[in-house]
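Be aware that the sequence shown starts at 11, since it is given in my numbering, and climbs by one per residue.
Since the structure comes first, as structure tokens, the remarks are kept for the end.
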Amino acid sequence: MQPKMSPLTPPPLGVEPMTRAILFESLFVHGLPRDEHLEAELREVGFDRDDLLPQYPLRLFRQCLDVACRHLYPGLTVEEGRRRLGHQFVQGFCQTVLGRVVSVSMPLLGPMRFLKKFPEHLRFDSSPIMVNAVQVGERQFRMEFRTGVGLSPYFLRGILEEGLRMTRSTPSIRVLQQSPISFDLHITW
């Protein structure tokens, strides 16, 4: 019998962090328009949008983000490209079965409750991602991300910006990079 791990416990050494297919489905199936050149590049790194698997290595998602950034936003910085992909991720997520249910409640949820609940929604299965939402003012939060997987703060910035817009708020988000695996997002609205 395997010991039960808490959601904040990183996977054992040698176990590759995995994520559910909805992460891929949201961005690469629903969030981006069909593009045969992009799809060919994604297949080269190991993702086929027409043959979804139940789960994927989180490393592959980062590789696919890199491919999409280079392909869709060649004239922008990597940071801005990933931010825009975060927006497209949320738009695509809203087209999934789960996303349709969630998106209906977003305006009712409001920015404060959305931000407080965000860490719960950002569980990537076996990935060692820890998120702490800290309210620092009446309309200010700090999201503290501590990961072992090199997650993009700019992609998450885009996700939070788009999510907050769905709560009928106008956010301003700054990234404070602590290290390659540790960063904070400072949020006001």
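Yeah, the Cβ is synthetic: ideal placement off N, Cα and C, and Gly gets one too.
This structure is a prediction, so every number in the text was calculated from the model and none was measured.
- A straight-line Cα-Cα distance of about 29 Å links glutamate 46 and proline 27.
- Under the DSSP definition of a beta bridge, threonine 198 partners with Gln150, Ser182.
- Around the beta carbon of glutamine 98, 16 or more other beta carbons sit within 10 angstroms, so the residue counts as buried.
- About 6 Å separates the Cβ atoms of isoleucine 183 and glutamate 171, confirming a contact at the 8 Å cut-off.
- In the DSSP assignment, arginine 69 falls within the unbroken alpha helix (DSSP H) covering 68 to 82.
- For arginine 94, there is no enclosing beta strand (DSSP E); the enclosing alpha helix (DSSP H) has its first and last residue at 88 to 103.
- As the crow flies, the alpha-carbon of alanine 143 is around 10 Å from that of glutamine 150.
- In the DSSP assignment, arginine 44 falls outside any alpha helix (DSSP H), carrying neither H nor E.
- Between the alpha carbons of leucine 95 and leucine 82 lies a gap of roughly 9 Å.
- Three or more Cβ pairs closer than 8 Å define a contact, and the stretch 39 to 55 falls short of that threshold against the stretch 113 to 132.
- Excluding its 5 nearest sequence neighbours in each direction, threonine 157 has C-beta neighbours in its own chain below 8 Å: Ser137, Pro138, Ile139, Met140, Ile191, Ser192, listed in chain order.
- The continuous beta strand (DSSP E) containing arginine 30 extends over residues 28 to 30.
- Less than 8 Å divides the Cβ of tryptophan 199 from the Cβ of leucine 174.
- Excluding its 5 nearest sequence neighbours in each direction, glycine 91 has C-beta neighbours in its own chain below 6 Å: Cys79, Tyr83, listed in chain order.
- Listed in chain order, the non-local C-beta contacts of leucine 42 below 8 Å within the same chain comprise Leu48, Ala78, Leu82, Gln98, Gly102, local neighbours out to five positions each way being set aside.
- As the crow flies, the alpha-carbon of leucine 68 is around 10 Å from that of alanine 31.
- The beta-bridge partner set that DSSP reports for threonine 157 consists of Ile139.
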